[in-house]
Amino acid sequence: MSLFESLFGKKYVLREENPYCVKCYESLYSNTCEECKKPIGCNTRDLSYKDRHWHEDCFKCFQCKRSLVDKPFSTKDEQLLCTECYSNEYSSKCHECKKTIMPGSRKMEHKGHSWHETCFTCKRCQQPIGTKSFIPKDNNNYCVPCYEKQFAMQCVHCKKPITTGGVTYRDQPWHKDCFLCTSCKQQLSGQRFTSKDDFAYCLNCFCNLYAKKCASCTTPISGLGGSKYISFEERQWHNDCFNCKKCSVSLVGRGFLTERDDILCPECGKDI
C-alpha cells in the first residue's frame, strides 16, 4: 500500500504548492481558537488579531457576547470588547452630562475633568467655549467677556475690567499700567510714592514740586522714611548740612549763632 493516499475525487488544500487532504492539513497547520480552544478547521473563517486566532462564531465581545465580525473593537487585558462596552467601562465620563465620551469624539479636559465639546460651555452665556480662553471660578467656567462682566473690578482710571495685575490705592482698584505719577507719568507700581491732595507722585516729583529746599545745599528735603532735618526761622537744613559756615563742625544738638543767612558755632561766632 502506498504511503501517499490518493486525493482523486476528494477535497484537498494547497500549501506552498503541495496538496494536503483536509484531515492532514488541519492536524498540521490549523490554529487553536482563543475562545473554545478547539482547532480552526478549513470549513470556517480563521479570524486573527496580534497572532491570536478565533473561529468566526467565537469572535465575540467579552461583555455583551455580540459578534465582532467586521465591526470595530478594542482590547483590555487581552479581552475583546465592542466599542460600546469598552466606552461604558473605561472611557471618560462628561463632567456636565455624566454620559460617556465615546472614543474618537472631541473632548475638553481641565484639572482632571473631561467634557463633551458641546457640554464645555460658559456658565453665564451657555455658549460652547471650544478653544477660546476661559476663567474657572467656584467650580464653573466662564468665557473671558462674561467673567469680566460678572466678576472683574473696573479700573478707576480707564473704567475697563481688571483681570490680572491690579493695584489698590485709597481702597480703589487700578491697572498697574494706569497707576502713574501725576507729574512725570512714570508707573508707580513696585516703587515708593506719596500723595498730595489725593494725587499720587513718585518721590522725585513730589520733592521737586512740594518739598522745602535745604538752606545749605538747596536740594529738596523730603522728610520721608523717617529722615531728620533741622528747622529754624522758616529755614530748613538736612541734618548732614546743618554745619558751621566757617569750621564746618556739625551743629546738630548744639548751640549756634546766626550771621545774616549763615549759621556759626559759638567759637567761630564769638567775635560777632
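Residue numbering for the sequence shown follows my numbering, starting at 238 and increasing by one per position.
The beta-carbon is built from N, C-alpha and C at its ideal position, and this holds for glycine as well.
If you drop the 5 nearest sequence neighbours on each side, which residues of the same chain put their C-beta closer than 8 Å to that of residue 387? As a working note, residue 387 is residue 150 in the sequence shown. Same-chain partners within the cutoff: 361 and 379.
Determine which residues share a DSSP beta bridge with residue 313 and list them. Numbered from its first residue, the sequence shown carries residue 313 at position 76. Beta-bridge pairing links residue 313 to 316.
DSSP on residue 382, reduced to helix/strand/coil? Position 145 of the sequence shown, counting from 1, holds the residue named residue 382. Of the three classes helix, strand and coil, the one that applies to residue 382 here is helix, per DSSP.
Chain-order list of residues whose beta-carbon lies under 8 Å from that of residue 318 (same chain, five-residue window excluded): In the sequence shown, residue 318 corresponds to position 81, counting from 1. 298, 299, 300, 310, 311, 312 and 326, listed in sequence order.
Considering only DSSP beta bridges, list what residue 353 is partnered with. The residue given as residue 353 occupies position 116 in the sequence shown. BP columns for residue 353 point to 344.
Nearest CA to the CA of residue 481: which residue from 473, 257 and 500? If you number the sequence shown from 1, residue 481 lands on position 244. Of the candidates 473, 257 and 500, the one whose C-alpha sits nearest the C-alpha of residue 481 is 500.
Less than 8 Å between the CB atoms is what I'm expecting for residue 479 and residue 487, so what's the real figure, rounded? Within the sequence shown, residue 479 is the residue found at index 242, counting from 1. Within the sequence shown, residue 487 is the residue found at index 250, counting from 1. Going by Cβ atoms, the distance from residue 479 to residue 487 rounds to 7 Å, so yes, they are a contact pair.
Quick one: what does DSSP say residue 331 is sitting in, helix, strand or coil? Start at 1 with the first residue of the sequence shown, and residue 331 comes out as number 94. Looking at residue 331 - three-state DSSP - the assignment turns out to be strand.
Suppose you measure from the CA of residue 433 to the CA of residue 443; what does that come to, to the nearest Å? Translated into positions along the sequence shown, residue 433 becomes position 196. Translated into positions along the sequence shown, residue 443 becomes position 206. For residue 433 and residue 443, the distance between alpha carbons rounds to 8 Å.
Alpha carbon to alpha carbon, what distance is there between residue 370 and residue 422? As a first step, residue 422 must be located in the sequence shown, where it is residue number 185. As a first step, residue 370 must be located in the sequence shown, where it is residue number 133. So the alpha carbons of these two residues sit roughly 32 Å apart.
Beta-carbon proximity list for residue 296, same chain, < 6 Å, skipping 5 on both sides: By 1-based counting over the sequence shown, the position of residue 296 is 59. If we look at residue 296 and ignore the five residues flanking it on each side, its Cβ neighbours are 284, 305 and 306.
What residues in its chain sit with their C-beta under 6 Å from that of residue 292, if we drop five residues either side in the sequence? Stepping through the sequence shown from its first residue, residue 292 is reached at position 55. Only 270, 277 and 281 meet the Cβ criterion.
Once you ignore the five residues that flank residue 389 on each side, which residues in its own chain have a CB closer than 7 Å to its CB? Here residue 389 corresponds to residue number 152 of the sequence shown, with the count starting at 1. Taken in chain order, the residues that qualify are 398, 399 and 400.
Can you tell me the Cα-Cα spacing of residue 239 and residue 255, whole angstroms? Against the sequence shown, residue 239 aligns to sequence position 2. Against the sequence shown, residue 255 aligns to sequence position 18. Caution is warranted here: a pLDDT of 42 is assigned to residue 239, below 50, making its placement in the model unreliable, and no coordinate value can be reported.
Backbone CA spacing between residue 456 and residue 441 [nearest angstrom]: Here residue 456 is taken as the residue at index 219 of the sequence shown, counted from 1. Here residue 441 is taken as the residue at index 204 of the sequence shown, counted from 1. So the two alpha carbons sit approximately 11 Å from each other.
Assuming contact is defined by CB atoms lying nearer than 8 Å, are residue 426 and residue 436 in contact in what I supplied? Along the sequence shown, read from residue 1 onward, the residue named residue 426 stands at position 189. Along the sequence shown, read from residue 1 onward, the residue named residue 436 stands at position 199. No. Outside cutoff.
Hey, would you say residue 345 sits closer than 8 Å to residue 357, going by beta carbons? Reading the sequence shown from its first residue, position 108 is the one you call residue 345. Reading the sequence shown from its first residue, position 120 is the one you call residue 357. Yes, these two residues count as a Cβ contact at 8 Å.
So, with DSSP's three-state summary, where would you put residue 288? One-based indexing of the sequence shown puts residue 288 at position 51. It is coil, neither helix nor strand.
Among 451, 359 and 267, the one whose alpha carbon lies nearest that of residue 474: Residue 474 sits at position 237 when you count from the first residue of the sequence shown. Taking only the C-alpha atoms, the option nearest residue 474 is 451.
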